[in-house]
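Enquirer:
Protein chains: 2
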Amino acid sequence: MQKTPIYLKAVTLKSINDISNIKNDAKKQMIIILRVTPLAHKDVEELRKAIEDLYNYVQSSGGDIARLGEERVVITPSSVRIWKGIE
Amino acid sequence: MQKTPIYLKAVTLKSINDISNIKNDAKKQMIIILRVTPLAHKDVEELRKAIEDLYNYVQSSGGDIARLGEERVVITPSSVRIWKGIE
Chain F
180 MQKTPIYLKA VTLKSINDIS NIKNDAKKQM IIILRVTPLA HKDVEELRKA
230 IEDLYNYVQS SGGDIARLGE ERVVITPSSV RIWKGIE
Chain U
180 MQKTPIYLKA VTLKSINDIS NIKNDAKKQM IIILRVTPLA HKDVEELRKA
230 IEDLYNYVQS SGGDIARLGE ERVVITPSSV RIWKGIE
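From first to last, the protein sequence lines stand for chains F and U. Heads up, the first sequence is in this note's numbering, so the first residue is 180 and it goes up one at a time. Heads up, the second sequence is in this note's numbering, so the first residue is 180 and it goes up one at a time.
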């Protein structure tokens, strides 16, 4: 058990400008559940870039990332692994 | 940092019989993202009982539980707190 808890935060991706805040939360070892549909409905290409950016960030930081249904993406710090077979 | 990672698992609640497996995962200190809509569409009263059961379990184990949109419920072990303002 670690002393300080890990936080789990639900956030909404409305624009590619939200990415820096999301990365800051990820740097604080937060688990982020990201609702991507608002940006998906606005600009699919921008969503693609945003997800690619987050994917590269997560890869380099040793975290994990996975789709959660149609609406959400989960991002974890290196202390949290996403179970295989996530739907 | 702890040595063994925490796991995050996405599971679907289809019946009240799934509750014992979910509690077993929670006992293993897993974070569970539970899609509740399949049971919600089948039997709202059974869903209500299942959520109440999980809520009481989480309360007694020092974990955290929160709704995530219309479709999902998040359950965390005591080492993970859910950020206030979760949507």
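C-beta atoms are modelled at their ideal positions from N, C-alpha and C, and glycine is treated no differently. In this text the structure is predicted, and so the values were computed from the model without any measurement.
Can you look up Thr216 of chain F in the DSSP assignment and give me helix, strand or coil?
Expert: helix
Enquirer: So, helix, strand or coil for Leu187 of chain F, using DSSP?
Expert: strand
Enquirer: Against chain U, does Pro184 of chain F count as a neighbour if the rule is that its beta carbon must be under 8 Å from one of theirs?
Expert: yes
Enquirer: Kindly say whether Leu187 of chain U, judged by its beta-carbon, lies nearer than 8 Å to any beta-carbon of chain F.
Expert: yes
Enquirer: At a threshold of 7 Å, does Ala245 of chain F count as lining the ligand HEM (C-beta to nearest heavy atom)?
Expert: For the ligand HEM, the structure offers nothing, since it holds no ligand at all.
Enquirer: Hey, how far is the Cα of Pro256 of chain F from the Cα of Asp197 of chain U?
Expert: Pro256 of chain F and Asp197 of chain U: Cα-Cα distance of roughly 28 Å.
Enquirer: How far does the beta strand (DSSP E) with Asp243 of chain F in it reach, from first residue to last?
Expert: Judged by DSSP secondary structure, Asp243 of chain F falls within the beta strand (DSSP E) whose first and last residues are 243–247.
Enquirer: What separation, rounded to the nearest whole angstrom, lies between the Cα atoms of Tyr234 of chain F and Ala245 of chain F?
Expert: 9 Å
Enquirer: For the beta strand (DSSP E) containing Ile261 of chain F, name the first residue and the last one.
Expert: 259–261
Enquirer: Mind checking who Ile254 of chain U pairs with in its DSSP beta bridge?
Expert: Here Ile254 of chain U is bridged, per DSSP, to U:Ile211, U:Ile244.
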